[in-house]
Amino acid sequence: MTPEADPSPLTAARRRDVDLRRARVAQALEAMQADGSEITISSVAARARVHRSFIHRHLDLRANVYSAADQQPSAEASAATATRHSLEADNLNLRATLRRQTQHIADLEARLSEVLGEQAYTRTGLGAPRNHAVLEEQNHALQNEIQELRAKLQDRDEELGAAREAHRQLMGQVNRRGQR
255 MTPEADPSPL TAARRRDVDL RRARVAQALE AMQADGSEIT ISSVAARARV HRSFIHRHLD
315 LRANVYSAAD QQPSAEASAA TATRHSLEAD NLNLRATLRR QTQHIADLEA RLSEVLGEQA
375 YTRTGLGAPR NHAVLEEQNH ALQNEIQELR AKLQDRDEEL GAAREAHRQL MGQVNRRGQR
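Just so we're on the same page, the numbering used here is the position in the sequence shown counted from 1, plus 254.
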């Protein structure tokens, strides 16, 4: 039997689920076209109760959504004029955004100035000298660590040599028994 001839129950259930979701997307798209709702991948997915990635994975569904969105009259064309109130609200929002961005730029400039100042101070040698005692202590600690590691390495080399010698002796005994 081939898998296409008799699908497993899991495969059949998966196909039914995909078919149901595809039908819900098609119904949602038709309803949104009928009531004049804004058509986007997200809005169709929300109305059909599927994830946006489902529509993106199915190229025909995605093409249908894009086609319906292109046929839809734009919101700008349907809105004849902007009201004074909406323009004032936009103006206030833009001013608030401008204030935030101006403050952010000032903060970034101050930080850049600090960093460049520290770099110039360090590179010219004008910076405070490093604490010599701390560096000497670190050097001493690192030298002790190196000596300990060398001792461990020497111990392991001796153990390896002993293991090799034992191996040679055992192999010699095995070979002598094999010749008898």
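For every residue, glycine included, the Cβ atom is placed at its ideal position computed from N, Cα and C.
Helix, strand or coil for S291 per DSSP?
-> Within the sequence shown, numbered from 1, the residue matching residue 291 stands at position 37. If DSSP states are grouped into helix, strand and coil, S291 belongs with coil.
Taking only the alpha-carbon atoms, compute the straight-line gap between N385 and A417 and give it to the nearest angstrom.
-> Locating residue 385 in the sequence shown gives position 131, counting from the first residue. Locating residue 417 in the sequence shown gives position 163, counting from the first residue. C-alpha separation (whole angstroms): 48 Å.
Take the Cβ of A282 as the centre, count every other Cβ of all protein chains shown within 10 Å, and call the residue buried at 16 or more, exposed below.
-> Here residue 282 refers to the residue found at position 28 when the sequence shown is read from its first residue. With 16 or more other Cβ atoms within 10 Å, it is buried.
Other residues of its chain near M255: CB distance less than 8 Å, five sequence neighbours each side excluded = Translated into positions along the sequence shown, residue 255 becomes position 1. Legend: pLDDT at M255 = 47, less than 50; position of this residue unreliable, value from coordinates given subsequently. Result list for M255: empty, nothing under 8 Å.
Specify, as a first and last residue, the run of the alpha helix (DSSP H) that G379 falls within.
-> By 1-based counting over the sequence shown, the position of residue 379 is 125. Counting along the chain, G379 falls outside any alpha helix (DSSP H), and DSSP gives it neither H nor E.
To the nearest whole angstrom, what separates the beta carbons of A299 and R306, a pair I think is in contact under 8 Å?
-> As a position in the sequence shown, residue 299 is number 45, starting the count at 1. As a position in the sequence shown, residue 306 is number 52, starting the count at 1. Yes, they are in contact, since the Cβ atoms of A299 and R306 sit about 5 Å apart, within 8 Å.
Taking all protein chains shown into account, decide if R270 is buried (16 or more other Cβ within 10 angstroms of its Cβ) or exposed.
-> Along the sequence shown, read from residue 1 onward, the residue named residue 270 stands at position 16. It is exposed - the Cβ of R270 has fewer than 16 other Cβ atoms within 10 Å.
Sub-8 Å separation of A302 and R268 beta-carbons | Reading the sequence shown from its first residue, position 48 is the one you call residue 302. Reading the sequence shown from its first residue, position 14 is the one you call residue 268. Their beta carbons are not under 8 Å apart, which means A302 does not touch R268 by this criterion.
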